[in-house]
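There are 2 protein chains.
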Amino acid sequence: MYIEKVKSSRLTPESLEIKTFGNTFADHMLVCNYKDGVWGEAKIIPFQEMSFSPAMQAIHYGQACFEGMKAYKDENGDVFMFRPEKNFERINNSAIRLNMPPVPKEVFMDGLKALLDIDRDWVPPTYGMALYLRPFIFATEPMITARSSEEFMFCVITAVAPDYYAKPLRVKIADKYSRSANGGVGYAKAAGNYAASFYPTKLAREEGFDQVIWTDASTHEFIEEAGTMNVFVRINDTLITAPISERILNGVTRNSLINIAKHNGWKVEERPIKVSEMKAAHKDGSLKEVFGCGTAVVLNTFSAIGYPDETLDLADMPMEESWGKQLKKQLMDIQNNKSEDPFGWRVKVEKNLVNTL
Amino acid sequence: MYIEKVKSSRLTPESLEIKTFGNTFADHMLVCNYKDGVWGEAKIIPFQEMSFSPAMQAIHYGQACFEGMKAYKDENGDVFMFRPEKNFERINNSAIRLNMPPVPKEVFMDGLKALLDIDRDWVPPTYGMALYLRPFIFATEPMITARSSEEFMFCVITAVAPDYYAKPLRVKIADKYSRSANGGVGYAKAAGNYAASFYPTKLAREEGFDQVIWTDASTHEFIEEAGTMNVFVRINDTLITAPISERILNGVTRNSLINIAKHNGWKVEERPIKVSEMKAAHKDGSLKEVFGCGTAVVLNTFSAIGYPDETLDLADMPMEESWGKQLKKQLMDIQNNKSEDPFGWRVKVEKNLVNTL
Ligand SMILES: Cc1ncc(COP(=O)(O)O)c(C=O)c1O
Ligand SMILES: Cc1ncc(COP(=O)(O)O)c(C=O)c1O
């Protein structure tokens with residue numbers, strides 16, 4: 005692996021205390037180019053602007069996908085990734101659906117480890133904070149014909165993720181707009197899926213909601229997922245979440261929470277859940293909590309659910325009663341090496357690994 | 005308008021005789037940036053690479069849309085655009101759906117005219133060739149949070165479009181994959197729509213087809229459009245095309261052909277057309293021709309239509325009998341100022357316009 009380190013780091017104590025997410029980038033980035041049918045050498049270089057043709061395919065045809073993961077620091081200063089093989093599998097599933105070449109495992113895994121080893125000082129030591137990792141693949145060929153690119157770049161950039169207080173969200177059930185359909189790209193972390201959601205989300209905001217809960221495009225009868233989160237509904241003592249399909253993202257947090265909940269002895273059902281079922285449960289008092297989960301927020305409870313005709317309010321629950329709050333703590337404790345890891349999910353980033361790659 | 009011309013042109017006689025589309029770029033490009041809620045000054049500069057942050061939103065969240073149009077040269081060397089106000093309207097409809105700011109009319113129209121005036125030598129004089137114009141808007145803010153960008157660039161690049169012999173296409177009816185759904189972004193020229201189509205198109209190629217005819221995502225029972233073309237089906241002496249909906253692109257060529265056909269006194273129906281209806285018409289001999297149309301190819305007849313169980317072959321028709329071939333010639337003659345323009349579609353690009361803007 006080619007490595008070019010920064011002459012002097014941009015890291016300051018303030019970098020690790022930021023409050024906004026997504027633009028405090030660490031010193032280095034990983035880049036690897038695909039051309040003539042092969043991936044070249046992975047390189048770690050200083051985080052920097054890059055020069056592109058205005059005809060770059062990714063900008064014209066959206067041939068681009070990404071991943072979102074985090075690295076955590078424990079009390080001893082050790083750095084851990086969380087289930088990175090899940091993100092490795094998913095970025096390649098996304099890539100295939102968008103007709104892009106899968107990234108080799110060494111490039112992804114060794115690349116991430118080396119990058120984290122070099123930028124380990126950028127991983128905040130504060131519980132609740134993390135270094136957000138953004139691997140992405142995009143089409144770089146300068147060619148404005150609507151056909152697949154033949155040149156791609158795999159890149160990893162990282163940004164400090166604050167411990168933002170996850171305020172309970174008011175969500176609106178989609179009854180007109182849709183995010184994905186059968187036969188589409190909903191299960192992929194495809195760039196275009198996100199752009200498509202911004203306008204409906206803006207309209208929901210104007211009505212006083214924070215996010216949209218997407219429903220199936222054909223009937224709007226089934227709950228799918230929300231913004232960048234999968235959704236769980238707790239009716240009495242059963243947690244229900246939509247099954248993985250070609251329309252929803254197979255979230256790592258979703259899967260982890262299902263495992264932890266089952267480990268707790270709680271009942272979990274992965275099955276289609278109707279918008280009307282949730283409403284009926286609210287009416288008869290069996291709807292206990294509804295929450296979304298994803299790498300960025302970990303877990304966010306919903307305080308209100310907007311239907312076309314009425315908005316259902318959900319009371320905030322204390323920790324002892326809220327499965328959501330308990331699951332969040334359990335998951336964060338595993339991620340931050342504050343508890344046992346019965347699932348074998350943590351992956352430690354060894355020191356001075358760079359010299360061996 | 006700020007204008008910086010190239011020191012010396014890259015134009016050679018060979019540039020105007022190229023056979024591949026999409027990477028022979030003319031000397032100049034137009035750029036205009038949106039920041040702090042306003043569009044800045046439009047600039048014409050030499051076609052060049054640009055420097056972007058690897059966190060540029062367009063690459064991560066697909067917030068990008070484009071247009072495709074052409075400029076034609078007549079026998080006197082005059083340059084014409086074709087119905088540019090349609091593309092102006094459409095790029096802004098796309099922009100709004102993707103939560104991007106609409107481009108002001110002067111920036112779009114005067115920008116295109118000035119760019120074409122400066123690069124008029126790049127418009128090939130050959131009938132059938134053209135200068136392809138690619139206006140596009142994309143999100144430039146360096147921010148990896150899944151929310152709308154607040155900075156954008158509007159850009160126009162142009163490329164020489166060859167007179168490629170439009171060989172009849174073998175198309176496959178989509179029965180599994182889908183392009184768009186109700187409530188989605190199918191009607192927008194959204195970047196992500198194209199990436200989503202590459203993989204299904206590749207699979208169709210592997211089965212011996214050139215393109216996919218998309219059907220509605222819910223039932224796959226209705227014909228929508230194909231690749232980058234709207235679709236017309238001629239049953240006996242009626243031309244049928246799917247109605248404009250939120251799922252299909254409102255093609256300028258589609259609309260122009262409908263107008264020309266009606267002007268010819270031919271019967272045209274804009275209505276849902278079933279996959280099964282086309283098959284039945286083939287069986288009873290009433291299916292005369294099926295073709296796709298779009299700015300890039302103008303019009304492409306289909307020689308075979310692939311159903312899951314069988315492939316229907318369509319005979320090639322001579323000009324006198326083929327409505328498709330006649331419509332194509334009529335449209336091209338209007339575009340190239342070789343015939344009257346009863347619809348007022350041509351827009352002449354005045355000379356030395358640049359000095360007045
Ligand atoms: C659409 C969507 N759903 C769900 C999730 C949650 O996935 P994960 O738990 O892997 O972060 C994400 C990613 O953050 C997402 O983008
Ligand atoms: C999906 C799609 N359908 C149809 C068309 C045809 O539209 P137009 O005739 O405006 O070029 C295009 C654009 O070329 C397209 O991208």
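Protein chains in written order, with the numbering used here: chain A, 5 to 361; chain B, 5 to 361.
For each residue, glycine too, the CB sits at the ideal point set by N, CA and C.
By alpha-carbon positions, which one of the options ends up nearest to residue i?
{"i": "A:E324", "options": "A:D317, A:K333, A:L318, A:L316", "result": "A:K333"}
{"i": "B:K90", "options": "B:T28, B:Y76, B:G72", "result": "B:G72"}
{"i": "B:L137", "options": "A:A265, A:H64, A:V216", "result": "A:H64"}
{"i": "A:R258", "options": "A:W270, A:H267, A:T245", "result": "A:T245"}
{"i": "A:E154", "options": "A:F295, A:E314, A:Y38", "result": "A:Y38"}
{"i": "A:M60", "options": "B:Q339, B:I161, B:I252", "result": "B:I161"}
{"i": "A:R101", "options": "A:S152, A:Q215, A:I177", "result": "A:S152"}
{"i": "A:N356", "options": "A:L120, A:E250, A:G296, A:W43", "result": "A:L120"}
{"i": "A:G132", "options": "A:S12, A:R183, A:M54, A:I22", "result": "A:I22"}
{"i": "B:P105", "options": "A:N340, A:Y203, A:A192", "result": "A:Y203"}
How far does the alpha helix (DSSP H) with residue i in it reach, from first residue to last?
{"i": "B:L1", "result": "This structure cannot speak to residue 1 of chain B, because chain B is shown only from 5 to 361."}
{"i": "B:R101", "result": "88 to 101"}
{"i": "A:K283", "result": "279 to 287"}
{"i": "B:E210", "result": "195 to 210"}
Please report the straight-line C-alpha distance between residue i and residue j, rounded to a whole angstrom.
{"i": "B:K74", "j": "B:V235", "result": "20 Å"}
{"i": "A:T370", "j": "B:Y198", "result": "Only positions 5 to 361 of chain A appear in the structure, and residue 370 of chain A is not among them; the question remains open."}
{"i": "B:D288", "j": "B:A319", "result": "15 Å"}
{"i": "B:S201", "j": "B:A195", "result": "11 Å"}
{"i": "B:F84", "j": "B:L303", "result": "20 Å"}
{"i": "A:R350", "j": "A:Y76", "result": "10 Å"}
{"i": "B:G187", "j": "B:D40", "result": "30 Å"}
{"i": "B:E45", "j": "A:T28", "result": "30 Å"}
{"i": "A:S343", "j": "B:I217", "result": "54 Å"}
{"i": "B:Y4", "j": "B:T223", "result": "With chain B covering only 5 through 361, there is no way to say anything about residue 4 of chain B."}
{"i": "A:G255", "j": "A:V272", "result": "16 Å"}
{"i": "A:K278", "j": "A:A185", "result": "17 Å"}
{"i": "B:D214", "j": "B:I248", "result": "24 Å"}
{"i": "A:I262", "j": "B:P58", "result": "34 Å"}
{"i": "A:E314", "j": "A:C297", "result": "24 Å"}
{"i": "A:Q67", "j": "B:K180", "result": "21 Å"}
{"i": "B:P128", "j": "B:A134", "result": "6 Å"}
{"i": "B:Y6", "j": "B:C159", "result": "14 Å"}
{"i": "A:S290", "j": "A:L243", "result": "12 Å"}
Against chain B, with Cβ distances strictly below 7 Å, would residue i count as a contact?
{"i": "A:K90", "result": "no"}
{"i": "A:N254", "result": "no"}
{"i": "A:Q67", "result": "yes"}
{"i": "A:I7", "result": "no"}
{"i": "A:E225", "result": "no"}
{"i": "A:F70", "result": "yes"}
{"i": "A:I244", "result": "no"}
{"i": "A:M147", "result": "yes"}
How far does the beta strand (DSSP E) with residue i in it reach, from first residue to last?
{"i": "A:T242", "result": "242 to 245"}
{"i": "A:V235", "result": "233 to 239"}
{"i": "A:Y38", "result": "32 to 39"}
{"i": "A:K292", "result": "291 to 298"}
{"i": "B:E229", "result": "227 to 230"}
{"i": "A:P139", "result": "134 to 143"}
{"i": "B:Y76", "result": "73 to 77"}
{"i": "A:P50", "result": "47 to 50"}
{"i": "B:Q67", "result": "Here B:Q67 belongs to no beta strand (DSSP E), and DSSP marks it neither H nor E."}
Counting only C-beta atoms, is residue i closer than 7 Å to chain A at any point?
{"i": "B:G132", "result": "no"}
{"i": "B:A265", "result": "no"}
{"i": "B:S57", "result": "yes"}
{"i": "B:A230", "result": "no"}
{"i": "B:E53", "result": "yes"}
{"i": "B:A285", "result": "no"}
{"i": "B:M323", "result": "no"}
{"i": "B:R174", "result": "no"}
{"i": "B:K180", "result": "yes"}
Quick one: which chain D residues come within Cβ less than 8 Å of residue i?
{"i": "B:F142", "result": "No chain D is present in this structure, whose protein chains are A and B."}
Considering only heavy atoms of ligand 4, does any lie closer than 6 Å to the CB of residue i?
{"i": "B:M336", "result": "Ligands displayed in this structure: ligand 1 and ligand 2; ligand 4 is not among them."}
**Short-range partners of chain A found in the region 15 to 48 of chain B, where Cβ spacing is below 9 Å** = T24, F25, G26, N27, F29, M33, V35
**Message:** Using a Cβ-Cβ cutoff of 8 Å, what residues of the region 150 to 161 of chain B are near chain A? List them in chain order.
**Reply:** A150, R151, S152, C159, I161
**Prompt:** Listed from N- to C-terminal order along the chain, which residues in the region 182 to 209 of chain B have their beta-carbon within a distance smaller than 9 Å of any beta-carbon of chain A?
**Reply:** S182, R183, S184, A185, N186, G187, G188, V189, A192, A194, A195, G196, N197, Y198, A199, A200, S201, F202, Y203, P204, T205, K206
**Message:** Give me the subset of the region 92 to 104 of chain B whose CB atoms are less than 8 Å from a CB atom of chain A, sorted by chain position.
**Reply:** I100, R101, L102, N103
**Message:** Against chain B, which members of the region 211 to 224 of chain A pass a CB distance test of less than 7 Å?
**Reply:** A221, S222
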